[in-house]
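There are 2 protein chains.
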Amino acid sequence: MNMRDPRDPLVQPYITINGDRLWSRLMQLAQIGATQKGGVCRLALTELDRQARSLFVEWATALGCMIRIDAIGNIFARRAGTENHLPAIGTGSHIDTQPTGGKFDGNYGVLAGLEVIAALNDAGIRTRAPLEVCVWTNEEGSRFVPVMMGSGVYVDAFTLEHAWSAKDRDGISVKAALETIGFRGEAPASLSQGAPRFAAYFEAHIEQGPVLEAANKTIGVVSGALGQRWYDITITGMEAHAGPTPMQLRRDALLPAAALVQEVNRIALSHSPHGRGTVGHLQVHPSSRNVIPGQVKMTVDFRHPTDEGLSAMNEALQTWAQSQTNDKISVTVEQVVYYPPAPFDTALQAAIAESAQQRGYSFMPVVSGAGHDAVYVARTAPAAMIFIPCKDGISHNEIEDAEPAHIAAGAQVLLDAMLAQAEVVRP
Amino acid sequence: MNMRDPRDPLVQPYITINGDRLWSRLMQLAQIGATQKGGVCRLALTELDRQARSLFVEWATALGCMIRIDAIGNIFARRAGTENHLPAIGTGSHIDTQPTGGKFDGNYGVLAGLEVIAALNDAGIRTRAPLEVCVWTNEEGSRFVPVMMGSGVYVDAFTLEHAWSAKDRDGISVKAALETIGFRGEAPASLSQGAPRFAAYFEAHIEQGPVLEAANKTIGVVSGALGQRWYDITITGMEAHAGPTPMQLRRDALLPAAALVQEVNRIALSHSPHGRGTVGHLQVHPSSRNVIPGQVKMTVDFRHPTDEGLSAMNEALQTWAQSQTNDKISVTVEQVVYYPPAPFDTALQAAIAESAQQRGYSFMPVVSGAGHDAVYVARTAPAAMIFIPCKDGISHNEIEDAEPAHIAAGAQVLLDAMLAQAEVVRP
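Protein sequences, first through last, are from chains A and B. Heads up: the first sequence runs through residues 169 to 595, numbered per my numbering. Heads up: the second sequence runs through residues 169 to 595, numbered per my numbering.
What follows is the structure, given as structure tokens:
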């Protein structure tokens, strides 16, 4: 008998999550830092974050979990298994938000994890491996940089000391903020310092994009996270008066900048379907209506699911920049960020797809264009993500919204997939 | 005998301006508001402007001129003729500067006019018509809008009351500033209120562009000022995350904005040689490197020597905007400024060219791409401008520079051309 099959008679009848309870917790958590427009402003390690963390700890404790807090403030709520020497099956996300964030980004993944535990409690189910629900510190990076701080320390992407020393605009360090809110824990924060590994890790999340909604699918089985290369570009010409300067004597920096906007788009389209290219920031100097621009500073953001694709996009950009440099115009390209593509574990993807199929939810493979804590965790453990649609693909916005039916479906798939990894123990 | 011929024996030997004296006055005036980088910061109607105006009045009075100050603060230094009922032959410019302006813009035209009078005094020459050197108030518009304020009131482009009520960033009105520095005069400021007309008007000015320098010519005979149409453009799409949003589902406002930058350039090039098109200001919203731009606000500045050309450029822009508007992108185009093309008087242009030829200065016809006080005066009297090269075509900049030989040549041509209009009186 295949122990990972949720049709296993041990799991019959299917263990069903309680969508109303999950929705109710989402709405309750969203009260902490609620904005007038229906969103949430709960920056990392603030008093509001403390309140939200405390509520999570209260809920998890009431569900019988043990709480562990590490040195970077990550919270782990552990439901014991029957064999507690086994590495845990993890899930979770974050509960800090953007300044004008929504109710679902991050919060959904954390509370879906709690709902998994609540549903297992209700059904009286025990698992062989322990389960852990994680709250990662400062995923958003709105108050402190780097983003995905808690999971980054965990996988040793950067050191605890580096994270601790990051300061907000008021000069308050992460370490000081952790101490102020009482969440600088004793547990080791990084794998290199002895933090435990996961046997498998899942993260449920709203898609933050329009693909599932456009395709009218409930569950996105995330195949991996796109690799990213970010650039700062400076194009320099010579500013001059728009009136007295004939066209042929100009050194207008905005003309090559406009060409680059189109070139970035062309490069991305030539790497369909998952190649992405964006010029999000473009600043003209001196930006006066009757002065020919002397300099343009702009950014380029390339994403692709493979390193080969990302490298090809990079080469196309560099070739373009060289072709534009002449005695009138200079172009400099500086790469400022590189995240490698992060494919997720295929067995875990299969478990997610299998649950969706058995539950009768429509599903499709998708990629994650953005970074998530699970992308870091995937460096050290089999990991996967479950996406559900969000209204109009809008996130990082107070009008971020998701349907209760999708919220419930994602949590159900999470339960099934986790249970398949943790193995149900015969009563 | 042609009385306007400077070869007339009455004018023999040629009356020669004193280039050293003119240069010396330019450097002396540039001390008032001098900046560390060698430029001048002397905003309109400030204490520094008062000092500069007082120095002008002192110099003009020492040359025997009568001073008239009108209600908007324009200063007219009049050298009497033998027939003072005749309308004056005018010249002049402005002595206010940009915040980081140079020594020559405006100041040159005023002091070249004073040098004409000084040279005539030295030579003991009297003219039939009186001569007037004008200092127009607030040409630059850096402190108070509208620009070309003094000459604009003079030709009734807008009312004295409108100009008086303009306020700077500190809430100080033009009227109050005029009173503070003691330059709110009694003379009527506008033609409609009785200000006198000119029989002819000249303005000597640095080119503020690269044409003369590139062609290695000393004198630019200005055929007229380009007409101008200025626009505010708003392109609206939808902001979204750069990561999770596939290329084909985007509504990126920067892509059509980039196309417009190129279209404006194409339109200008298709109206060679004098058509000009500039996108000087372009602002991306929200301007974050990993957010697809939801909106772009930008400006378009079109210039052309004929109204037909300017209208054709306008139609091309409107056609483009309509072609871009669809269910993903909207484009709005608002015209915010219109200055009609202003051709200068052909007889006065001929007088300038004739002087340059006889004096052995290289010369060529040029257009004025920018506005000048003479462009307003040209609405009410025969007018023309004399351009001289400026280094690298740079103006409105502290490094603005011009060669003493060119400074002298322009003043010499100004003298010859004015004298041809004013008519020398037999001793």
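Don't be surprised by glycine CBs; every beta carbon is placed ideally from N, CA and C.
Checking contacts by CB at 8 Å: is residue i closer than that to chain A?
| i | result |
| --- | --- |
| Trp151 of chain B | Within the shown structure, residues of chain B are numbered from 169 to 595, placing residue 151 of chain B beyond reach of any answer. |
| Val208 of chain B | no |
| Ile460 of chain B | yes |
| Ala480 of chain B | no |
| Thr413 of chain B | yes |
| Gln430 of chain B | yes |
| Ala426 of chain B | yes |
| Val313 of chain B | no |
| Asp441 of chain B | Before going on, a small fix: residue 441 of chain B reads as Pro here, not Asp. Yes - at least one Cβ of chain A is within 8 Å of the one on Pro441 of chain B. |
| Leu211 of chain B | no |
| Val379 of chain B | yes |
| Val389 of chain B | no |
| Leu583 of chain B | no |
| Leu394 of chain B | yes |
| Leu417 of chain B | yes |
So who's on the other strand from residue i, going by DSSP bridges?
| i | result |
| --- | --- |
| Pro511 of chain A | A:Gly392 |
| Leu299 of chain B | B:Arg247 and B:Ile257 |
| Ile237 of chain B | B:Ile243 |
| Asp400 of chain A | A:Thr467 and A:Glu502 |
| His453 of chain A | A:Gln463 |
| Met481 of chain B | Bridge partners of Met481 of chain B: none, in fact. |
| Thr446 of chain A | A:Asp469 |
| Ile374 of chain B | B:Ile556 |
| Ile387 of chain A | A:Phe531 |
Using only CA atoms, which one of the options lies nearest to residue i?
| i | options | result |
| --- | --- | --- |
| Ser310 of chain B | B:Arg210, B:Gln199, B:Ala549 and B:Ala570 | B:Arg210 |
| Ser391 of chain A | A:Ile435, A:Ala245, A:Ile257 and A:Ile520 | A:Ile520 |
| Glu502 of chain A | A:Leu583, A:Ile401, A:Ala230 and A:Pro255 | A:Ile401 |
| Ala355 of chain B | B:Ala245, B:Gly477, B:Thr268 and B:Ile285 | B:Ala245 |
| Gly318 of chain B | B:Gly270, B:His262 and B:Ile349 | B:His262 |
| Ala344 of chain A | A:Gly260, A:Ala489 and A:Leu213 | A:Leu213 |
| Ala256 of chain B | B:Glu300, B:Ser222 and B:Ala280 | B:Glu300 |
| His330 of chain A | A:Trp398, A:Gly249, A:Val342 and A:Asp336 | A:Val342 |
| Gly537 of chain B | A:Phe224, A:Ala408, A:Arg193 and A:Trp227 | A:Ala408 |
| Gln266 of chain B | B:Ser358, B:Val208 and B:Val545 | B:Val208 |
| Pro441 of chain A | A:Pro454, A:Asn482, A:Leu394 and A:Ser456 | A:Leu394 |
| Pro424 of chain A | B:Ala579, B:Asp420, B:Val429 and B:Leu231 | B:Val429 |
| Phe531 of chain B | B:Ala542, B:Ile554 and B:Thr548 | B:Ile554 |
| Asn275 of chain A | A:Thr259, A:Lys496, A:Asp338 and A:Ala287 | A:Thr259 |
| Arg397 of chain B | B:Thr467, B:Val284 and B:Gln204 | B:Thr467 |
| Asn433 of chain A | A:Pro461, A:Val447 and A:Leu422 | A:Val447 |
| Ser491 of chain A | A:Ala427, A:Arg294 and A:Gly320 | A:Ala427 |
Could you check whether the Cβ of residue i sits closer than 8 Å to any Cβ belonging to chain B?
| i | result |
| --- | --- |
| Arg172 of chain A | Caution is warranted here: a pLDDT of 49 is assigned to Arg172 of chain A, below 50, making its placement in the model unreliable, and the coordinate value is therefore given only provisionally. False, the Cβ-Cβ gap to chain B never drops below 8 Å. |
| Gln376 of chain A | yes |
| Asn186 of chain A | no |
| Ser333 of chain A | no |
| Ala382 of chain A | yes |
| Ser563 of chain A | yes |
| Pro181 of chain A | Because the pLDDT of Pro181 of chain A is 49, which lies under 50, any placement of that residue in the model is unreliable, and the question is left without a value. |
| His409 of chain A | yes |
| Leu423 of chain A | yes |
| Leu485 of chain A | no |
| Leu587 of chain A | no |
| Ala436 of chain A | yes |
| Pro255 of chain A | no |
| Gly201 of chain A | no |
| Leu223 of chain A | no |
| Pro177 of chain A | Residue confidence for Pro177 of chain A is low, a pLDDT of 45 falling below 50, so the modelled location carries little weight; the figure read from the coordinates is stated next. Not an interface residue. |
Is residue i close to chain D, meaning its C-beta is less than 8 Å from at least one C-beta of that chain?
| i | result |
| --- | --- |
| Asn433 of chain A | Protein chains A and B are contained in the structure displayed, whereas chain D is not. |
Any chance the CB of residue i is under 7 Å from a heavy atom of the ligand GTP?
| i | result |
| --- | --- |
| Ala408 of chain B | As far as ligands go, the structure on display features none, and thus does not contain the ligand GTP. |
Discussion item. Against chain A, which members of the segment 445-475 of chain B pass a CB distance test of less than 7 Å?
Written reply: Thr446, Val447, Gly448, His449, Leu450, Val452, Ser455, Ser456, Arg457, Asn458, Val459, Ile460, Pro461, Thr467, Asp469 and Arg471
Discussion item. Beta carbons nearer than 8 Å to chain A: which residues of the segment 523-554 of chain B have them?
Written reply: Ser536, Gly537, Ala538 and Gly539
Discussion item. If the cut-off is 8 Å on Cβ atoms, which residues from the segment 496-508 of chain A count as contacting chain B, listed in chain order?
Written reply: Listed by position along the chain: nothing, the set is empty.
Practice prompt. Would you mind listing the alpha helix (DSSP H) stretches within the segment 502-588 of chain A that are 4+ residues and don't spill past its ends, in chain order?
Written response: Listed in chain order, they are 514-527 and 541-545.
Discussion item. Could you tell me which whole alpha helix (DSSP H) segments of length 4 or greater appear in the segment 275-336 of chain B?
Written reply: 275-291, 317-322 and 328-333
Fill in: Contact set between the segment 279-291 of chain A and chain B, restricted to residues whose Cβ is under 7 Å from the partner
none
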